[in-house]
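Trainee: This is the structure, below, for whatever I ask next.
There are 2 protein chains.
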Amino acid sequence: MSSETVAYKMVILVRQDLKLPKGKMAAQAAHAAVEASIRSPKEHLKAWHQQGQKKVVLKVVDQQNLFKYVQMAKENNLTTAVITDGGHTVVEPGTITCAAIGPDDEKVIDQITGTLQLM
Amino acid sequence: MSSETVAYKMVILVRQDLKLPKGKMAAQAAHAAVEASIRSPKEHLKAWHQQGQKKVVLKVVDQQNLFKYVQMAKENNLTTAVITDGGHTVVEPGTITCAAIGPDDEKVIDQITGTLQLM
Numbered sequence: 004m005s006s007e008t009v010a011y012k013m014v015i016l017v018r019q020d021l022k023l024p025k026g027k028m029a030a031q032a033a034h035a036a037v038e039a040s041i042r043s044p045k046e047h048l049k050a051w052h053q054q055g056q057k058k059v060v061l062k063v064v065d066q067q068n069l070f071k072y073v074q075m076a077k078e079n080n081l082t083t084a085v086i087t088d089g090g091h092t093v094v095e096p097g098t099i100t101c102a103a104i105g106p107d108d109e110k111v112i113d114q115i116t117g118t119l120q121l122m
Numbered sequence: 004m005s006s007e008t009v010a011y012k013m014v015i016l017v018r019q020d021l022k023l024p025k026g027k028m029a030a031q032a033a034h035a036a037v038e039a040s041i042r043s044p045k046e047h048l049k050a051w052h053q054q055g056q057k058k059v060v061l062k063v064v065d066q067q068n069l070f071k072y073v074q075m076a077k078e079n080n081l082t083t084a085v086i087t088d089g090g091h092t093v094v095e096p097g098t099i100t101c102a103a104i105g106p107d108d109e110k111v112i113d114q115i116t117g118t119l120q121l122m
């Protein structure tokens, strides 16, 4: 498949069990998105950006569940970024809050996270 | 001031009047953060990233209020990214949802947005 036909997407998985306040969740999701962007291959980042930076925030039930999807993403050679909160305010220091996968081929990502619900 | 002594921060301003659902807000904040990261000078991005990517999500009351702070940031030569939602789901197409300022010197940013409340 040529790179022109690939639709790029990023998904951000957020732990539901932490019940993060919305501002905290937004900051953690932003952290994951920036981290994955920095780590991703430049051509993926460029294509994703040109296509409008599609991203979706999805629920995972807990840390174990989050790692399950991150592991599958790694096995498919997708960029991943797992975010640990500094724990200054809402959660314990070192708490894993969320993870970003991609940006990469939407079809490949959907095979991994397609059954997860929108946050 | 040498670059070593500057503490870098990004602030993300989110419109309160839209009452965005938390998943939507997280996606929009992530969009703003990535966009501002891409636009920012490479040395700011690098320093901010090395310092742990500090970011804070703040409330602005409406679009006019958002633009007021973005304008002040521009006048101080800070990187800004205003995000317009595609409007596929929650809000009308073309709705301005949020903006990111920085990453830049925390002191300079605080002079502009220091009175805004955390989301």
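Protein sequence lines, in the order shown, are assigned to chains A and B.
Its first residue numbered 4, the first sequence is counted upward by one per residue in the numbering used here.
Its first residue numbered 4, the second sequence is counted upward by one per residue in the numbering used here.
Note that beta-carbon positions come from the ideal geometry of N, C-alpha and C, so glycine has one too.
Closest Cβ-Cβ distance between Ala-84 (chain A) and chain B: below 7 Å?
Mentor: Cβ-Cβ to chain B under 7 Å: no for Ala-84 (chain A).
Trainee: What does Leu-121 (chain A) reach in chain B if we use C-beta pairs closer than 7 Å?
Mentor: The answer, in chain order, is Gly-26.
Trainee: Please classify Lys-57 (chain A): does DSSP put it in a helix, a strand, or coil?
Mentor: coil
Trainee: According to the Cβ coordinates, are Ala-29 (chain A) and Lys-58 (chain B) closer than 7 Å?
Mentor: no
Trainee: Can you grab the Cα-Cα spacing for the pair Gly-117 (chain A) / Val-93 (chain A), in whole Å?
Mentor: 30 Å
Trainee: What are the boundary residues of the beta strand (DSSP E) that includes Leu-16 (chain B)?
Mentor: 11–18
Trainee: Any Cβ of chain B within less than 7 Å of the Cβ of His-34 (chain A)?
Mentor: yes
Trainee: With C-beta atoms as the reference, is Cys-101 (chain B) less than 7 Å away from Gln-56 (chain B)?
Mentor: no
Trainee: Contact criterion: CB-CB distance below 7 Å. Does Ser-43 (chain B) meet it with respect to chain A?
Mentor: no
Trainee: Using the Cα positions of Ile-41 (chain B) and Val-64 (chain A), report the straight-line distance between them to the nearest angstrom.
Mentor: 31 Å
Trainee: Out of curiosity, what's the CA-to-CA distance linking Met-13 (chain A) and Ala-103 (chain A)?
Mentor: 7 Å
Trainee: Relative to the alpha-carbon of Ser-43 (chain B), which residue among B:Gln-74, B:Leu-23 and B:Leu-81 has its alpha-carbon at the smallest distance?
Mentor: B:Leu-81
Trainee: Residues of chain A with a CB under 7 Å from the CB of Val-60 (chain B): which are they?
Mentor: Contact note: Val-60 (chain B) reaches chain A through Gly-26, Ala-29 and Ala-30, using a C-beta cutoff of 7 Å and chain order.
Trainee: Which residue wins for smallest C-alpha separation from His-47 (chain A), given the options A:Asp-107, A:Thr-83 and A:Ala-36?
Mentor: A:Asp-107
Trainee: Check whether the Cβ atoms of Val-37 (chain B) and Val-37 (chain A) lie closer than 7 Å to each other.
Mentor: yes
Trainee: Is Thr-83 (chain A) near Val-73 (chain A), with beta carbons less than 7 Å apart?
Mentor: yes
Trainee: What alpha helix (DSSP H) runs, 4 residues minimum, are completely inside the segment 30–86 of chain B?
Mentor: The segment 30–86 of chain B contains, as complete alpha helix (DSSP H) runs of 4+ residues, the segments 45–53 and 66–78 (chain order).
Trainee: Starting from Asp-113 (chain B), trace the alpha helix (DSSP H) in both directions and tell me its first and last residue.
Mentor: Start and end: 109–116.
Trainee: Could you work out which residues of chain B lie near Gln-56 (chain A), taking near to mean beta carbons separated by less than 8 Å?
Mentor: His-34, Val-37 and Glu-38
Trainee: Could you name the residues that DSSP lists as bridge partners for Leu-121 (chain A)?
Mentor: A:Leu-61
Trainee: Let me know if Ala-76 (chain B) comes out buried or exposed under the rule of 16 or more other beta-carbons within 10 Å of its beta-carbon.
Mentor: buried
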